[in-house]
Amino acid sequence: MATINQNYLKLPGSYLFSEIARRTAAYQEEHPDVKLIKMGIGDVTRPLAPAVIDAMHQAVDDMAHAETFHGYGPEQGYAFLREAIVAGDFASRGVDIAPDEVFVSDGAKSDTGNIGDILGFDNRIAVCDPVYPVYVDTNAMAGRAGYYDESVQAWSNIHYMPTTAENGFCPALPEDGDEVDVIYLCSPNNPTGTVLNFDQLKAWVDYANAHDALIMFDAAYERFITEEGVPHSIYEVPGAKTCAIEFRSFSKTAGFTGARCGYTVVPKDLVRQGTHLNDLWLRRQTTKFNGASYIIQRGAAAIYTPEGKQQVEDTIAYYRHNAHVVKEGLEAAGFAVFGAVNSPYIWFKTPEGTGSWEFFDALLTRAHVITTPGAGFGPSGEGYIRLTAFGDADATVEAVERIKKLAAEGAF
Ligand code: PLP
Numbered sequence: 375m376a377t378i379n380q381n382y383l384k385l386p387g388s389y390l391f392s393e394i395a396r397r398t399a400a401y402q403e404e405h406p407d408v409k410l411i412k413m414g415i416g417d418v419t420r421p422l423a424p425a426v427i428d429a430m431h432q433a434v435d436d437m438a439h440a441e442t443f444h445g446y447g448p449e450q451g452y453a454f455l456r457e458a459i460v461a462g463d464f465a466s467r468g469v470d471i472a473p474d475e476v477f478v479s480d481g482a483k484s485d486t487g488n489i490g491d492i493l494g495f496d497n498r499i500a501v502c503d504p505v506y507p508v509y510v511d512t513n514a515m516a517g518r519a520g521y522y523d524e525s526v527q528a529w530s531n532i533h534y535m536p537t538t539a540e541n542g543f544c545p546a547l548p549e550d551g552d553e554v555d556v557i558y559l560c561s562p563n564n565p566t567g568t569v570l571n572f573d574q575l576k577a578w579v580d581y582a583n584a585h586d587a588l589i590m591f592d593a594a595y596e597r598f599i600t601e602e603g604v605p606h607s608i609y610e611v612p613g614a615k616t617c618a619i620e621f622r623s624f625s626k627t628a629g630f631t632g633a634r635c636g637y638t639v640v641p642k643d644l645v646r647q648g649t650h651l652n653d654l655w656l657r658r659q660t661t662k663f664n665g666a667s668y669i670i671q672r673g674a675a676a677i678y679t680p681e682g683k684q685q686v687e688d689t690i691a692y693y694r695h696n697a698h699v700v701k702e703g704l705e706a707a708g709f710a711v712f713g714a715v716n717s718p719y720i721w722f723k724t725p726e727g728t729g730s731w732e733f734f735d736a737l738l739t740r741a742h743v744i745t746t747p748g749a750g751f752g753p754s755g756e757g758y759i760r761l762t763a764f765g766d767a768d769a770t771v772e773a774v775e776r777i778k779k780l781a782a783e784g785a786f
């Protein structure tokens, strides 16, 4: 008799975005003439950069001729892309990463989810709360999370680290006797839009090295960093190469949410139980992954050309401007606002005593703006709302004006 992975049965339903969609659809059905503005889901809206499109067109032409046709590529990614990544994302910031430490993939969701394949089942996992749900759910699927306790909306074996306004959105190091083995950190963070500065990241690197722990560093939103003193890569912190794996994505930085491409860095110096994790990840990838498409990798490499870089920067500037407009507008309306400065996410506090789903409903039905309730990202997200800056600039201005007007009328 075939059996199934029982851990899947322990997973709570993916409630957040389906519930948002359900409430939105119900409201729109009752009010068909209302123009709703979507600021909930973190998907980009601007087209790919012209340099990327040109490179992809050229790559399609390559595929049309026997002399330039590409079949299976190297599982780790083409050298032309890995070399461009090393020069453009690391050497340019004084960080020494070798091309064979870079693994190109179809995105950071796959890699942050799949990395658990090379880890023992008895690792104690630490995540920030609120959190990007993939880190938690993939560990639950592997049986590392224990059981899900509906009453506290948390897994019994996961160590949750609240990151809220009260602690400056910096997760506290575990106390003595409460050690953790694998720590997921995301900076700039989804959903709070906040960042970890050099000293905060260094404290975690030192902890991980001292305890032979591992940091899974998700830098999917790196390109949005504007402030000095905020590391773009964890490898800017001395000692990180012996304790950290870094995940990058072209999704939010260059509009690849639909095209699909990202990469993961596993340093050669990273060793646990006498084994190089780079060798393990290579073994995993060569067995289970056949590489990202040649056409897409050519497109991704174009991001690192001078014109590609400028075009991508222009798109990021567009989203950054939206984030700025939202932050300023909400602050003017009297809300406590976080994120936005180094991130496409704006995280703000609901009015005193109003739950995040309750305020989601208020914004939907009165401002006609679709948001994401913070509680959907974990218990410590209660009392917050996430907005994204990925929308159309005019629609973003309109959404902010609607919220400001209602706040001025005392509607909230
Ligand atoms: N990591 C974080 C923190 C994200 O928010 C997302 C997407 O929303 C991803 C990874 C996934 O990125 P990708 O599109 O490369 O799979």
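Numbering-wise, my numbering comes out as the position in the sequence shown, counting from 1, plus 374. Just so you know, even glycine gets a beta-carbon here, dropped at the ideal spot from N, CA and C.
Do the CB positions of residue i and residue j come within less than 8 Å of each other?
i: Val-434; j: Ile-459; result: no
i: Trp-731; j: Pro-747; result: yes
i: Gly-447; j: Tyr-668; result: yes
i: Gly-801; j: Glu-756; result: Here the chain comprises residues numbered 375 to 786, so residue 801 is not present and cannot be evaluated.
i: Pro-725; j: Phe-786; result: yes
i: Val-569; j: Asn-664; result: no
i: Ala-429; j: Ala-675; result: yes
i: Thr-631; j: Glu-596; result: no
i: Val-478; j: Arg-498; result: no
i: Thr-723; j: Ala-710; result: Contrary to the premise, residue 723 reads as Lys rather than Thr in this sequence. In contact: Lys-723 and Ala-710 (Cβ atoms closer than 8 Å).
i: Gly-487; j: Val-508; result: yes
Which residues bound the beta strand (DSSP E) around residue i?
i: Ser-623; result: 618 to 623
i: Phe-722; result: 719 to 723
i: Thr-661; result: Segment 651 to 662 is the alpha helix (DSSP H) holding Thr-661; no beta strand (DSSP E) there.
i: Asp-592; result: 588 to 592
i: Arg-760; result: 758 to 762
Work out the CA separation of residue j and residue i for me, nearest whole Å.
i: Asp-592; j: Gly-636; result: 11 Å
i: Ser-607; j: Asn-531; result: 29 Å
i: Thr-770; j: Glu-403; result: 23 Å
i: Thr-649; j: Glu-553; result: 22 Å
i: Arg-658; j: Val-408; result: 50 Å
i: Leu-780; j: Phe-734; result: 14 Å
i: His-444; j: Lys-483; result: 26 Å
i: His-695; j: Ser-388; result: 32 Å
i: Val-510; j: Gln-432; result: 40 Å
i: Tyr-678; j: Phe-624; result: 11 Å
i: Asn-381; j: Asp-485; result: 20 Å
i: Pro-536; j: Pro-548; result: 12 Å
i: Asp-436; j: Gly-613; result: 42 Å
i: Gly-673; j: Ile-427; result: 7 Å
Would you give the residue range spanned by the alpha helix (DSSP H) that residue i belongs to?
i: Thr-512; result: 507 to 515
i: Asp-580; result: 572 to 584
i: Met-437; result: 424 to 437
i: Val-700; result: 680 to 706
i: Gly-673; result: 668 to 675
Tell me, to the nearest whole angstrom, how far the beta carbon of residue i is from that of residue j; I am working on the premise that it is less than 8 Å.
i: Pro-421; j: Gly-629; result: 7 Å
i: Phe-598; j: Pro-565; result: About 14 Å; that fails the 8 Å criterion.
i: Ile-744; j: Thr-398; result: 6 Å
i: Glu-610; j: Val-639; result: Contact doesn't hold; Cβ gap of about 12 Å is too wide.
i: Val-501; j: Tyr-534; result: 6 Å
i: Val-682; j: Ala-425; result: At residue 682 the sequence reads Gly, which differs from the Val that was named. Rounded, the Cβ-Cβ distance is 4 Å, consistent with contact.
i: Leu-588; j: Arg-646; result: 7 Å
i: Leu-644; j: Lys-615; result: 7 Å
i: Arg-776; j: Ala-741; result: 4 Å
| task | Pair every Cβ in the stretch 406 to 417 with every Cβ in the stretch 753 to 768, then say whether three or more of these pairs are closer than 8 Å. | result | yes
| query | Between the stretch 544 to 563 and the stretch 581 to 589, do at least 3 Cβ pairs fall closer than 8 Å? | reply | yes
| Given 8 Å as the limit, is there contact between the stretch 535 to 542 and the stretch 673 to 692, that is, 3 or more CB pairs closer than that? | no
| said: Whether or not the stretch 689 to 705 and the stretch 638 to 656 are in contact is what I'm after, with contact meaning three or more pairs of Cβ atoms, one per stretch, closer than 8 Å; do they touch? | reply: no
| request: State whether the stretch 482 to 499 contacts the stretch 514 to 528, with contact taken as three or more CB pairs (one from each stretch) at a distance under 8 Å. | output: yes
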